[in-house]
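At position 94 of the sequence shown (counting the first as 1) the number is 93 in numbering that gives the first Met the number 0, and the numbers step up by one without a gap. Everything below concerns the one structure shown next.
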Amino acid sequence: MIISIVGHGRKSGKTTTVEAIVRELTTRGYNVGCIKKIHKKDFSIDKKGKDSYRHAKAGAKLVATASPNEIAIIKKIATKNPVDEAINFMNLDNLDFILIEGRYDQSDIKILAARSYEDAKEIIDKESFIFISSLTPENFPSNLKVFNPLRDVKKMIDIILSRNFQF
Numbered sequence: 000m001i002i003s004i005v006g007h008g009r010k011s012g013k014t015t016t017v018e019a020i021v022r023e024l025t026t027r028g029y030n031v032g033c034i035k036k037i038h039k040k041d042f043s044i045d046k047k048g049k050d051s052y053r054h055a056k057a058g059a060k061l062v063a064t065a066s067p068n069e070i071a072i073i074k075k076i077a078t079k080n081p082v083d084e085a086i087n088f089m090n091l092d093n094l095d096f097i098l099i100e101g102r103y104d105q106s107d108i109k110i111l112a113a114r115s116y117e118d119a120k121e122i123i124d125k126e127s128f129i130f131i132s133s134l135t136p137e138n139f140p141s142n143l144k145v146f147n148p149l150r151d152v153k154k155m156i157d158i159i160l161s162r163n164f165q166f
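Listed below in structure tokens is the structure:
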């Protein structure tokens with residue numbers, strides 16, 4: 000199941016929401032993967048001058064770094080759909096959930112992270128979300144499903160798992 004957490008700009012609570020959901024899902028025994036969508040075209044997690052950077056610069060399409068605690072894989076691509084590429088790669092690992100921090104239109108579930116009702120208003124008028132995640136749910140109209148990810152994550156996960164929404 001693919002879940003995207005959408006927010007209005009920086010500091011909307013997307014990362015806090017992702018962390019809370021991942022923590023609760025893994026506590027319940029689910030295998031979870033995450034994708035952090037990055038909009039900068041020249042972004043690379045690799046660092047100039049490092050051996051892995053040099054391997055890629057020499058022409059390697061796929062570079063892996065491996066330590067006793069972590070494997071990092073960097074795949075050089077030229078695509079308009081990098082999230083699709085990441086999902087295809089992650090599907091090899093038998094995950095129950097893939098969370099995407101950022102907009103992904105093919106998500107099974109979309110959650111809106113918002114600091115305020117004003118931030119959320121323009122987005123909820125255009126798209127549908129299963130609920131809103133906010134650190135200040137008391138500042139939203141009572142007719143909206145708004146949860147605090149630090150306090151209400153169990154309720155959030157119960158809704159995700161309930162199947163009481165359209166797939």
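Glycine included, C-beta positions come from ideal geometry on N, C-alpha and C. From a predicted model like this one, the values you see are computed outputs, not experimental measurements.
Since residue i sits in a beta bridge, which residues does DSSP pair it with?
| i | result |
| --- | --- |
| residue 132 | 112 and 146 |
| residue 82 | Residue 82 is not bridged to any residue. |
| residue 5 | 111 |
| residue 34 | 99 |
What are the boundary residues of the beta strand (DSSP E) that residue i is part of?
| i | result |
| --- | --- |
| residue 73 | 70 to 74 |
| residue 96 | 96 to 100 |
| residue 16 | Looking at the DSSP string, residue 16 is not in any beta strand (DSSP E); the run it does join, the alpha helix (DSSP H), is 13 to 26. |
| residue 59 | No beta strand (DSSP E) holds residue 59; DSSP gives it neither H nor E. |
Which one of the options has the shortest CA to CA distance from residue i?
| i | options | result |
| --- | --- | --- |
| residue 79 | 115, 53, 116 and 36 | 36 |
| residue 155 | 11, 8 and 22 | 22 |
| residue 157 | 73, 129, 13 and 12 | 129 |
| residue 142 | 121, 55 and 116 | 116 |
| residue 7 | 127, 25, 71 and 121 | 121 |
Buried or exposed: where does residue i fall if 16 or more other Cβ atoms within 10 Å of its Cβ makes it buried?
| i | result |
| --- | --- |
| residue 75 | exposed |
| residue 100 | buried |
| residue 98 | buried |
| residue 44 | exposed |
| residue 42 | exposed |
| residue 169 | The structure shown has nothing for residue 169, since the chain only spans 0 to 166. |
Please confirm whether any heavy atom of the ligand PLP lies closer than 7 Å to the CB of residue i.
| i | result |
| --- | --- |
| residue 105 | For the ligand PLP, the structure offers nothing, since it holds no ligand at all. |
Which residue marks the beginning of the alpha helix (DSSP H) containing residue i, and which one marks its end?
| i | result |
| --- | --- |
| residue 153 | 152 to 161 |
Note to self: So, does the region 53 to 67 touch the region 85 to 92, judging by three or more C-beta pairs under 8 Å?
What the structure shows: Result no; under three Cβ-Cβ pairs closer than 8 Å.
Notebook entry, point to check: Taking one C-beta from the region 114 to 134 and one from the region 143 to 158 each time, how about it: are there three or more such pairs within less than 8 Å?
Noted result: The region 114 to 134 is in contact with the region 143 to 158.
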